[in-house]
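Novice: Structure in structure tokens, see below.
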Amino acid sequence: MELDIYQTDALNELGNIGAAHAATTLSQMLMSPVEMTVPQVKVVDIADVYQYIGDEISALVVFQIQGDLADGGYLVVSMPKGAVIQLTNQMLGTTDLDRDLTEMDQSAVIEIGNIMISAFLDATAELLGIIMLPSPPALAVDMAHAAFESIIAQMAADVNEVVIFSTELKTDAPPVYGSIFLLPNPALLTEILRLLEELIAT
């Protein structure tokens with residue numbers, strides 16, 4: 001699906017509102033200033049999504065979309081292992097980067113995923129007036145391609161398109177990169193695009 005410039009701008013605005021919400025909460029969690037940017041939004045066919053997923057070990061936090069449209073699809077926060085460890089170290093005041101993911105790392109990335117997804121859904125409600133609620137999160141730690149393949153295989157929803165929000169967290173430490181993948185069923189995607197068009201027309 002190709003978005004026109006107005007739809008792209010509206011999706012960027014959706015991401016930017018979500019980023020502002022998330023940055024405030026993450027600043028409190030990490031006890032240091034945080035900026036979160038949404039530099040790029042893409043809508044891709046689900047068959048092509050693997051082109052935008054790295055090969056490294058990553059943590060993926062998965063939420064099913066509930067709310068105004070039941071079983072609306074899924075939201076996935078994906079962060080490379082190194083980014084997760086860096087954020088956990090910042091939370092705990094430690095510096096060891098050369099280690100495996102611990103239970104503490106997994107708890108931290110679930111909490112970060114909750115913050116990012118809650119911010120994204122708050123932004124959706126604020127901008128579009130449609131309520132999407134997250135299910136309790138599920139965590140997968142694996143090679144990113146393998147983890148995403150497993151998620152897609154388990155999805156009950158009929159998902160054809162994926163909306164990718166590429167994010168960058170800027171803190172006192174080096175920048176941390178991650179992505180939010182919105183996997184809406186056709187009804188939810190149609191509704192989002194309709195609301196965006198209405199927003200653009202006003």
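Residue 191 in the UniProt record's numbering is what sits at position 191 of the sequence shown, and the numbering runs on without skipping anything. For glycine and all other residues, C-beta sits at the position ideal for the given N, C-alpha and C. Keep in mind that this is a model prediction, so the values were computed, not measured.
#1: Among Asp142, Val61, Ala147, Ile57, which one has its Cα closest to the Cα of Ile180?
#2: For Asp98, I'd like the list of residues in its chain whose CB is within less than 7 Å of its CB, leaving aside the five on either flank, ordered along the chain.
#3: Using only CA atoms, which one of Val41, Leu30, Gln154, Pro175 lies nearest to Gly18?
#4: Go to Thr167, then tell me how far its beta strand (DSSP E) extends in each direction, as first and last residue.
#5: Locate the beta strand (DSSP E) running through Asp9, then write down its first and last residues.
#6: Hey, which unbroken runs of the beta strand (DSSP E) at 3 residues or more fall wholly within the stretch 43-128?
#7: Taking only the alpha-carbon atoms, compute the straight-line gap between Val159 and Asn185 and give it to the nearest angstrom.
#8: One question on the structure: do Ser58 and Met36 come within less than 8 Å of each other, judged by their Cβ atoms?
#9: Determine, using beta carbons only, whether Met132 and Gly54 come nearer to each other than 8 Å.
#10: Locate the alpha helix (DSSP H) running through Ile131, then write down its first and last residues.
#11: Within a Cβ cutoff of 8 Å, which residues of the same chain sit near Ala144, ignoring the five residues on either side of it in sequence?
#12: Assuming Ala147 contacts Ala140 under a Cβ cut-off of 8 Å, what Cβ separation, rounded to an integer in Å, is found between them?
#13: In this structure, what does DSSP give as the bridge partners for Phe148?
#14: Could you tell me the distance, in whole angstroms, from the CA atom of Leu128 to the CA atom of Asp142?
Specialist: In short:
#1: For Ile180, the closest of Asp142, Val61, Ala147, Ile57 by C-alpha to C-alpha distance is Val61.
#2: Closer than 7 Å at the Cβ level, and outside the excluded window around Asp98, lies no residue.
#3: Among Val41, Leu30, Gln154, Pro175, the Cα nearest to that of Gly18 belongs to Val41.
#4: Looking at the DSSP string, the run of the beta strand (DSSP E) that includes Thr167 is 161-170.
#5: Going by DSSP, Asp9 is part of no beta strand (DSSP E) but of the alpha helix (DSSP H) stretching over 5-30.
#6: Entirely contained in the stretch 43-128, the beta strand (DSSP E) runs reaching 3 residues are, in chain order, 57-67, 73-80.
#7: Taking the Cα positions, Val159 is about 5 Å away from Asn185.
#8: In this structure, Ser58 keeps its C-beta atom at 8 Å or more from the C-beta atom of Met36.
#9: No, Cβ-Cβ distance for Met132 and Gly54 is not below 8 Å.
#10: Looking at the DSSP string, Ile131 is not in any alpha helix (DSSP H), and its letter there is neither H nor E.
#11: The residues are Ile53, Gly54, Asp55, Glu56, Ile57, Ser58, Leu60, Ser78, Pro80.
#12: About 4 Å separates the Cβ atoms of Ala147 and Ala140, confirming a contact at the 8 Å cut-off.
#13: The partner list for Phe148 (beta bridge, DSSP) is empty, contrary to what the question assumes.
#14: For Leu128 and Asp142, the distance between alpha carbons rounds to 34 Å.
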